[in-house]
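Quick notes on the structure that follows.
Residue numbers (the numbering used here), protein chains in the order written: chain E, 74 to 133; chain B, 725 to 1173.
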């Protein structure tokens, strides 16, 4: 995965977050770059959801 | 020539109802801008998307809804009903602006279109102003509107939880282990959006409804990769298929048209095989809830008028209040004969997922909530004038029906309430004679100010 995808993975392992919170945390990235990165996470099937709709990544 | 999305934008601008934003706008800020605007907005400079403009908040008032329908504000239901009564079949054309640019194979990239994040609790960026076309070998073509949540550059979630003709088409394909081909047109005239929202009988072509509203046929082009047809003047088209995976992928939440943030749902995935669009296209951002609710109201109202006429009850006026999202409540006044208050309730309670119906006599101004309250107060006896229907078809996004208790792909039911607020049989009308101010036709306040 790209460095940004790896970073988001680490953040979601540390704490479940709403999509908007993740987007806010990475406003320095171009929107298209952010969306492509999100696509990487989806394609790698690492994203889970909690009951409030937050995204999370299961720990190792 | 049939009106296009761009023609509607021009009409809004000429009426002083559209503002142009010339400063560069980050896509992540557009939703907030639209929510603060009393006018429709056209953002001419969208950062990272130099070929695109973005329009939104187009139909967020009754005035602009009336502009979209080309009629006075209180006639929107009648205007829509006229479209239903004079269906005009679409025509096929060889080519159209919606295919000026064609992207297939490795060029398919949903990040290349301005895919916006709208609400704080959304599960991702969404496309919401969609006209989705599908086809079934037995039942024919269907139009609907379904939200699409971004997943990857070639895949979106698609909300197929609620009962619909397309859900039925998908289920029939799924039973055979096959995908369902769909085409998603965006940036079409409000007539096409309204026709797609209308719950037409399964064998009725909603393009013919749109034609009836336009007063002329909707020109269609063949899609490039699927056996479907889309409006030739659309701004953007996605072609592809809903995968035969059932209701297994997380989708949502999305700011629902019920004004609620919604919940995570389980839905299928839409895989995009081809993107076509105009050169220098305009992206239409339909923001929840108000734009959707204003567009829903005439569709619900027209369905109510039809139900009343089919029940041989004479309607005078009908309203689907925007507080009920233009969808869950119908208030109608009728020219009543004995017993028809109840007949009207039975007819209106059959409309889609409407769950509250109030019927009044024709002396009540149903566009005035105080007048409706007055009728409810003095014409209703709760032990005689209420009808409750149990276990009728419901809609997931109504939290009171506890849809989370169902399994994946399950369909909810709801209770429905009808209130007959017409003058009860046996009560003399003279008992409802309104106060009139002495001299009110002779004396004018402006003569004294």
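Positions of the beta carbon are idealized from the N, C-alpha and C atoms, including for glycine.
These numbers come from a predicted model, not from an experiment.
Mind checking who residue i pairs with in its DSSP beta bridge?
| i | result |
| --- | --- |
| residue 1219 of chain B | The shown model of chain B, from 725 to 1173, leaves out residue 1219 of chain B, and the question about it has no answer. |
| residue 876 of chain B | B:879 |
| residue 990 of chain B | B:974 |
| residue 908 of chain B | B:856 and B:962 |
| residue 121 of chain E | E:129 |
| residue 1144 of chain B | B:1083 |
| residue 946 of chain B | B:953 |
| residue 780 of chain B | B:765 and B:1009 |
| residue 1137 of chain B | B:1117 |
| residue 743 of chain B | B:765 |
Do we get a CB-CB distance below 9 Å when we pair residue i with the residues of chain B?
| i | result |
| --- | --- |
| residue 93 of chain E | yes |
| residue 77 of chain E | no |
| residue 124 of chain E | yes |
| residue 129 of chain E | no |
| residue 83 of chain E | no |
| residue 98 of chain E | no |
| residue 103 of chain E | yes |
Helix, strand or coil for residue i per DSSP?
| i | result |
| --- | --- |
| residue 1001 of chain B | strand |
| residue 983 of chain B | coil |
| residue 1150 of chain B | coil |
| residue 1166 of chain B | coil |
| residue 754 of chain B | helix |
| residue 1057 of chain B | strand |
| residue 871 of chain B | coil |
| residue 830 of chain B | helix |
| residue 1007 of chain B | strand |
| residue 816 of chain B | strand |
| residue 922 of chain B | coil |
| residue 837 of chain B | coil |
| residue 1099 of chain B | helix |
| residue 849 of chain B | coil |
| residue 1111 of chain B | strand |
| residue 1129 of chain B | helix |
| residue 1038 of chain B | strand |
| residue 103 of chain E | coil |
| residue 866 of chain B | strand |
Just confirm the distance between the C-beta atoms of residue i and residue j, as a whole number of angstroms; I'd bet it's less than 8 Å.
| i | j | result |
| --- | --- | --- |
| residue 112 of chain E | residue 987 of chain B | At roughly 24 Å, the Cβ-Cβ gap does not stay under 8 Å, so residue 112 of chain E and residue 987 of chain B are not in contact. |
| residue 842 of chain B | residue 983 of chain B | About 13 Å separates the two Cβ atoms, so there is no contact after all. |
| residue 801 of chain B | residue 1042 of chain B | 5 Å |
| residue 727 of chain B | residue 913 of chain B | 5 Å |
| residue 90 of chain E | residue 845 of chain B | The Cβ separation is near 11 Å, so there is no contact. |
| residue 857 of chain B | residue 1019 of chain B | Not really, about 18 Å apart at Cβ, beyond 8 Å. |
| residue 104 of chain E | residue 751 of chain B | 5 Å |
| residue 1060 of chain B | residue 1085 of chain B | 6 Å |
| residue 989 of chain B | residue 976 of chain B | 5 Å |
| residue 874 of chain B | residue 839 of chain B | 5 Å |
| residue 1143 of chain B | residue 1081 of chain B | 7 Å |
Is residue i close to chain E, meaning its C-beta is less than 9 Å from at least one C-beta of that chain?
| i | result |
| --- | --- |
| residue 972 of chain B | no |
| residue 1103 of chain B | no |
| residue 877 of chain B | yes |
| residue 747 of chain B | no |
| residue 780 of chain B | no |
| residue 1186 of chain B | Nothing about residue 1186 of chain B can be read from this structure; chain B reaches only from 725 to 1173. |
| residue 1172 of chain B | no |
| residue 979 of chain B | no |
| residue 955 of chain B | no |
| residue 771 of chain B | yes |
| residue 1120 of chain B | no |
| residue 843 of chain B | yes |
| residue 847 of chain B | yes |
| residue 1239 of chain B | For residue 1239 of chain B there is no data in the structure shown, the boundaries of chain B being 725 and 1173. |
| residue 1142 of chain B | no |
| residue 988 of chain B | yes |
| residue 751 of chain B | yes |
| residue 1134 of chain B | no |
| residue 839 of chain B | yes |
| residue 829 of chain B | no |
| residue 976 of chain B | yes |
| residue 931 of chain B | no |
| residue 1051 of chain B | no |
_Segment contact flag, the region 820 to 835 of chain B with the region 969 to 982 of chain B, C-beta cutoff 8 Å, min 3 pairs_ = Touching, no, given that fewer than three Cβ pairs across the two stretches are closer than 8 Å.
*Is the region 954 to 962 of chain B in contact with the region 996 to 1004 of chain B, if contact means three or more CB pairs nearer than 8 Å?*
yes
*asked:* Closer than 8 Å is the cut-off here; do at least three beta carbon pairs connect the region 941 to 954 of chain B with the region 1045 to 1055 of chain B?
replied: no
*Is it true that the region 854 to 872 of chain B meets the region 916 to 934 of chain B, where meeting means three or more beta-carbon pairs spaced less than 8 Å apart?*
yes
*Does the region 1116 to 1130 of chain B come within contact of the region 1162 to 1171 of chain B, defined as at least 3 CB pairs closer than 8 Å?*
no
_Sufficient close CB pairs (3 or more, under 8 Å) joining the region 932 to 946 of chain B to the region 877 to 895 of chain B_ = no
*Quick check: the region 1084 to 1097 of chain B against the region 1131 to 1142 of chain B, are there 3 or more CB pairs under 8 Å?*
no
*Could you tell me whether the region 1017 to 1031 of chain B touches the region 1098 to 1113 of chain B, using the rule of 3 or more Cβ pairs below 8 Å?*
no
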